[in-house]
């Protein structure tokens, strides 16, 4: 397969927010030929009104055999439990899988089953799809576990600093998320009249994305997510202390080296990023400031949770795996 | 009973948005002594976190006997079906009832059962509680059917003009409502990610509030409600043609005479009202303009759907019935 | 020039919301080679932080000579007065011009100068760029006056019905617009704390877009625009009466015939459109219902004011003029 | 003066958000007799449309002599510079002053002039009006410097813990504020289209409220404020480490003792507060959790910035100073 012959792709789990975004972006991708859009529980008559004249075919019931015979690559926007079952089945039959659920993200089996009870027992052949830090693995992977939205932002900001040993222990991540991150199922918390004009914290000391962030960074973090009244976007404010002798230039150097070749990471320095600049894009914007005397570092990171935090990053991984330019279909 | 001895009141159905607003406003009312807050399906342990230090007692299960023995007046914030059953039972046993549901609003039995299938068969002793136009009836009523939110705005604006025969047939009411009007039960339509950044129309040619408006005006209307992404407030834009010989001065005169003694109706003339000026208040603001050559009238009316359109108007009715100043507890 | 060699384009007036959207969309267009981004009053150092890694060149000062020598087509996102001056100057020197201002929209000189005092005295060679209804003119035009956002929605919905004589006189257009339609200059009305949680009407009987709608339809309309608290999107609810003998099938037939070959118009029938389905797209969604006994027609039309109502439609016109597929770069 | 004879009050600076809220609340206060509403730059004709039928008198030009002769107490909602001049002038002539600006908050002259260049040189007779912690001082004060909105929340949450020496150094305050906190003057940052659907940080390491927090706590803090797209309300997430041997019970004990007699502080324990429960109220809700093994404390505090963070707290101070019940007019 070369970059000029389109890859036949399918999207399984197309009715959630990430799945819809996947389908919308893939229909715009010049090297993806979308063959199937499926949903668990779909009947023949299910249509996607927002995608009329873009995707007019019906959403079809989930069917592994058809995915295997009609596609080369499948994107999964399914619940964890279903993804845990279908992902390996597809990969075993030769289809490349890009999974947006949490089922395959945690490598430690204990942690994985604690946070995702129905996740698989083994995870061989699986790449963790934080593109900027795993490009080499991606080409060889059969199944890509695309990162959670909060970890995407946190790990992109922190890993270059942690791996260069620039930070003292005691990292704090104060995350603010738009409400699409909570998914499409109505609930009291996501009812308009409850979440509009409101801010709430949740999952304090108990959010499964903390485990994922700690796995990738290799150090403990305090992670507190908040829901804020907007739809798309994550803003994480990160607090840490620089080790003695480390200064702002060292921070800038580590980030600059890490992302010199990354088209979707934008370093904004002391000008802090804002959600409006990343919404509906695959960019991750990172800014930082150091309070020189005390060595207090404050970073701010922004992504669109449905693009760089979900569908966009999955397509970025697809681009890397199939040898396309990393930005194809994503600018 | 005189105005200096507090009236013992109960609120039944306190967990919905109108019920919460009732309880909050009644706790501020100098002549109301709130004795009971009840909810259908409540258990002993139900608390209202937003009302801590205002109402710290538990929400109790619905209990007609207690309402009869411990209160003089009961406000009902219950679903139509339950209100249809409980309202008359309370009224028959001597408690004054202020009902916020739709069960008692339509006087024609056919229309009432079409739109509210479980509504009562008879409606004797019931006043329609659009305060400004029913003050005399309210003093004698046993049960007050508080108007719907859309009809409150539409009828206050239009009745003075219709009853003075100023308008041609063919009235159009384009209504925009905040989402609290849809109640507290989560649904796809009221899910934050679906309703934020969105506008939708619903119930075109089939909203039960149209029947209520037509009942009060005595003429047919075209009524189209829309959901807009804010929480509280209704804005209705009304289009009608003036009869030959009727001019803007006649419109102003009719409205001026109708509301000269009404402390909660504010006529803004050619300066159109805005929701921000009525939110969290019991005011109804009405503005209008006439395109002189064509006789086209455009009116705009604003209320807070949970106050003047629900809880506030119920208390305004309570004030009138018990002989208090109409504004007590509501400014 | 053929469709395989890119067209050299410039954007003049890139710092407003429509200009930014133009630049963003053109950078994604496979047949547009963006050479220049200019702004009136720009200095050399002006950057667009939201477009970093998409458009990293500085925004340059407005320079007609450079636009003439370095581009084949120019998009103008300038104020009316400036566009009125620059547009003809560019067109006279052989550059194709796509103007987003109001300076060239009104063909009647009196109306044009009433609403746009500094507009040009003559408008020869100018096409009104409502793509779906002017494709033939566009190929030959030197300057395209792209329609206003409100007229785009209103005329697309109404023209097929008016030109088939299906409607009685007395059309009412109740328009609800997101606040980006008011532009980028801060004002009291568009201050967050004033417009959030608010709805307001403005320009009643005096909005210049009414003149544009009436020009295109050839009949008078009552047009009332409202600001609602969202950023992008227009929702217009249209009220009219069908002529005797005209029924819903005739409405459907007229709309169906008008847009059978139009990839960006989606007819949703009795399922009314919603802004969420058109936001960030170039689609115009149109729904309608008829109250059969009375012949009352209610239509709803949705567009994204910055895409189909501005930048997207301008590019759609560019595609038609240069012989590209109408949808290129816009799906 | 006893509690049964109303206090004659004036509001100077009534056109900003805090001033409007002051006037609205004072008109509801049973022991306040509002005599004057003034604004700098007001002409005789200035009216407050949102307060029609509540306050129908015109807003008058600022006039110290009239304030002195016609009132006993004045609330100042003026810019810092103007408050710095007028506050002492009023206090010297025997009027009790409640100032909402920052001019008098910082006791250290160097800090005060750094952050508020036109603030007064001396601050004798001034009480810092964080009601819950200054009740005794308030009775005797001539001028009350009402705290900033961010410090109100931060100091109420932290002072009981800091003064009991429960916390290690290194307190982090991640503050999220609604946009009314930025005042009524339109700017690019507070333009609806810029702040809607956006989150931004500002004033990192350089916000003057940090100086105020540090003054009250007596320890350094890292303070990062963010603007989030809602109008009213502040949510502060506070991160600190407990000293060895300190546990969650000690935290609960310190907070419980501090606020046992405070009607407007609600301790929510491990159930974190939300803005929706404090909006439009004078409550300050405080929750906290401790990650036991590491001793990491996370607190969340919510207030309405215009009520407890401004107008409401000023009236609470007024109540204490004049011997009224602390809650009068505020529930």
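Residue numbers (the numbering used here), protein chains in the order written: chain B, 1 to 331; chain P, 1 to 331; chain F, 1 to 331; chain A, 1 to 331. All C-beta atoms in this analysis are idealised placements derived from N, C-alpha and C, irrespective of residue type, glycine included.
Contact with chain P by residue 2/B, beta-carbon distance below 7 Å: The residue you call residue 2/B lines up with position 2 of the first chain. For residue 2/B, the predicted model reports a pLDDT of 47, less than 50, meaning its position is unreliable; a value from the coordinates is still stated below. Closer than 7 Å: no.
Given residue 344/F as reference, the closest of 269/F, 262/F, 268/F once Cα atoms are compared: Limits of chain F in this structure are 1 at one end and 331 at the other, which puts residue 344/F out of reach.
Buried versus exposed call for residue 101/A [16 or more other C-beta atoms within 10 Å across all chains shown]: Locating residue 101/A in the fourth chain gives position 101, counting from the first residue. Buried.
Test item: CB-CB of residue 298/A and residue 224/B under 7 Å: As a working mapping, residue 298/A is identified with position 298 in the fourth chain. As a working mapping, residue 224/B is identified with position 224 in the first chain. The answer is yes: Cβ separation under 7 Å.
Range covered by the alpha helix (DSSP H) that runs through residue 162/F: The residue given as residue 162/F occupies position 162 in the third chain. Here the alpha helix (DSSP H) through residue 162/F covers 149 to 163.
Meets three-Cβ-pair contact criterion under 8 Å: the region 70 to 87 of chain P and the region 52 to 61 of chain P: no
Under 7 Å from the C-beta of residue 197/F: neighbouring residues of chain A: For this step, residue 197/F is matched to residue 197 along the third chain. Those are 231, listed as they occur along chain A.
Below-7 Å beta-carbon distance, residue 132/A vs any chain P residue: What you label residue 132/A is simply residue 132 of the fourth chain in a count that begins at 1. So no, residue 132/A is outside the interface.
Residue 1/F versus residue 278/P - alpha carbon distance: As a working mapping, residue 1/F is identified with position 1 in the third chain. As a working mapping, residue 278/P is identified with position 278 in the second chain. Any reading at residue 1/F needs caution, since the residue's pLDDT is 42, under 50, leaving its predicted position unreliable; the model's value is listed next. Their backbone Cα atoms lie some 60 Å apart in a straight line.
Cβ neighbours of residue 250/P in the same chain (closer than 7 Å, five flanking residues each side left out): Within the second chain, residue 250/P is the residue found at index 250, counting from 1. Taken in chain order, the residues that qualify are 166.
Residue-chain proximity (residue 200/F, chain A), Cβ-Cβ < 7 Å: Looking up residue 200/F in the third chain gives position 200. Judged by the 7 Å Cβ criterion, residue 200/F is not in contact with chain A.
3 or more residues per run - each beta strand (DSSP E) lying fully within the region 194 to 264 of chain B: 221 to 227, 234 to 241
N- and C-terminal bounds of the alpha helix (DSSP H) containing residue 69/P: The residue given as residue 69/P occupies position 69 in the second chain. Note, residue 69/P: alpha helix (DSSP H), 64 to 70.
Endpoints, alpha helix (DSSP H) assigned at residue 76/P: In the second chain, counting from the first residue as 1, residue 76/P sits at position 76. No alpha helix (DSSP H) holds residue 76/P; the beta strand (DSSP E) holding it covers 73 to 76.
Contact list for the region 282 to 304 of chain F against chain P, Cβ threshold 7 Å: 289, 291, 296, 298, 300
When 66/A, 62/A, 192/A are compared against residue 82/A, the one with the closest alpha-carbon: As a first step, residue 82/A is located in the fourth chain; it is residue number 82 there, counting from the start. Out of 66/A, 62/A, 192/A, 62/A has the C-alpha closest to the C-alpha of residue 82/A.
Burial state of residue 119/F (16 or more Cβ within 10 Å): For the purposes of this step, residue 119/F is taken as the residue at position 119 of the third chain. By the neighbour-count rule (16 or more Cβ atoms within 10 Å), residue 119/F is buried.
Simplified DSSP assignment, three categories, for residue 121/A: Translated into positions along the fourth chain, residue 121/A becomes position 121. Coil.
Coil, strand or helix - residue 9/B by DSSP: The residue you call residue 9/B lines up with position 9 of the first chain. Correct three-state label for residue 9/B: strand.
Where the beta strand (DSSP E) containing residue 98/B begins and where it ends: As a position in the first chain, residue 98/B is number 98, starting the count at 1. It spans 96 to 99 - the beta strand (DSSP E) in which residue 98/B sits, taken as one unbroken run.
N- and C-terminal bounds of the beta strand (DSSP E) containing residue 39/P: For the purposes of this step, residue 39/P is taken as residue 39 along the second chain, with counting starting at 1. That run of the beta strand (DSSP E) goes 32 to 39.
Beta-carbon proximity of residue 186/P to residue 186/B, cut-off 7 Å: For this step, residue 186/P is matched to residue 186 along the second chain. For this step, residue 186/B is matched to residue 186 along the first chain. Taking 7 Å as the Cβ cut-off, residue 186/P and residue 186/B qualify as a contacting pair.
Partners in chain A for residue 188/F, counting only beta-carbon separations shorter than 7 Å: What you label residue 188/F is simply residue 188 of the third chain in a count that begins at 1. Chain A residues near residue 188/F: 186.
Those residues which DSSP pairs with residue 55/B across a bridge: Residue mapping note: residue 55/B aligns to position 55 of the first chain, counting from 1. Note: residue 55/B sits in no beta bridge, so no partner.
Enclosing alpha helix (DSSP H) for residue 17/P [first to last residue]: Your numbering for residue 17/P matches position 17 in the second chain. Its alpha helix (DSSP H) spans residues 17 to 28.
Same chain, Cβ closer than 6 Å to residue 302/B, neighbours up to 5 away in sequence not counted: As a first step, residue 302/B is located in the first chain; it is residue number 302 there, counting from the start. These residues qualify, in order along the chain: 235, 273, 275, 278, 285.
Within chain F, partners of residue 318/A - CB distance below 9 Å: The count along the fourth chain starts at 1 and reaches residue 318/A at position 318. The premise fails here: residue 318/A is roughly 25 Å from chain F at the closest Cβ pair, so nothing lies under 9 Å.
Sheet register partners of residue 267/A (DSSP bridge): Numbered from its first residue, the fourth chain carries residue 267/A at position 267. In the DSSP output, where bridge partners are listed per residue, residue 267/A has 286/A.
Own chain partners of residue 137/B with C-beta closer than 6 Å, once the 5 adjacent residues on each side are dropped: On the first chain, residue 137/B is found 137 positions in, with the first residue counted as 1. Correct list, in chain order: 127.
Cβ neighbours of residue 150/A in the same chain (closer than 6 Å, five flanking residues each side left out): Counting from one through the fourth chain, the residue named residue 150/A turns up at place 150. Cβ neighbours of residue 150/A beyond the five flanking positions: 175, 209.
Residue 3/B to residue 264/B span [Cα, whole Å]: By one-based count along the first chain, residue 3/B stands at place 3. By one-based count along the first chain, residue 264/B stands at place 264. Below a pLDDT of 50, predicted positions are generally treated as unreliable, and residue 3/B, at 47, falls in that range; the measurement from the model is reported next regardless. Near 21 Å, if we compare the C-alpha coordinates of residue 264/B and residue 3/B.
Proximity to residue 319/F [Cα-Cα], best of 266/F, 15/F, 135/F: Mapped onto the third chain, residue 319/F falls at position 319. Taking only the C-alpha atoms, the option nearest residue 319/F is 135/F.
Beta-carbon proximity of residue 123/P to residue 98/P, cut-off 7 Å: The residue labelled residue 123/P in the question sits at position 123 within the second chain. The residue labelled residue 98/P in the question sits at position 98 within the second chain. Result no, Cβ atoms of residue 123/P and residue 98/P do not sit closer than 7 Å.
Enclosing alpha helix (DSSP H) for residue 80/B [first to last residue]: As a position in the first chain, residue 80/B is number 80, starting the count at 1. Run containing residue 80/B: 80 to 92, per the alpha helix (DSSP H) assignment.
Cα-Cα separation between residue 200/P and residue 190/P, rounded to whole angstroms: On the second chain, residue 200/P is found 200 positions in, with the first residue counted as 1. On the second chain, residue 190/P is found 190 positions in, with the first residue counted as 1. Rounded to whole angstroms, residue 200/P to residue 190/P spans 11 Å at the Cα level.
With 16 other Cβ atoms within 10 Å as the buried cut-off, status of residue 108/F: Translated into the one-based positions of the third chain, residue 108/F becomes position 108. Classification of residue 108/F: exposed, given that the 10 Å Cβ count is below 16.
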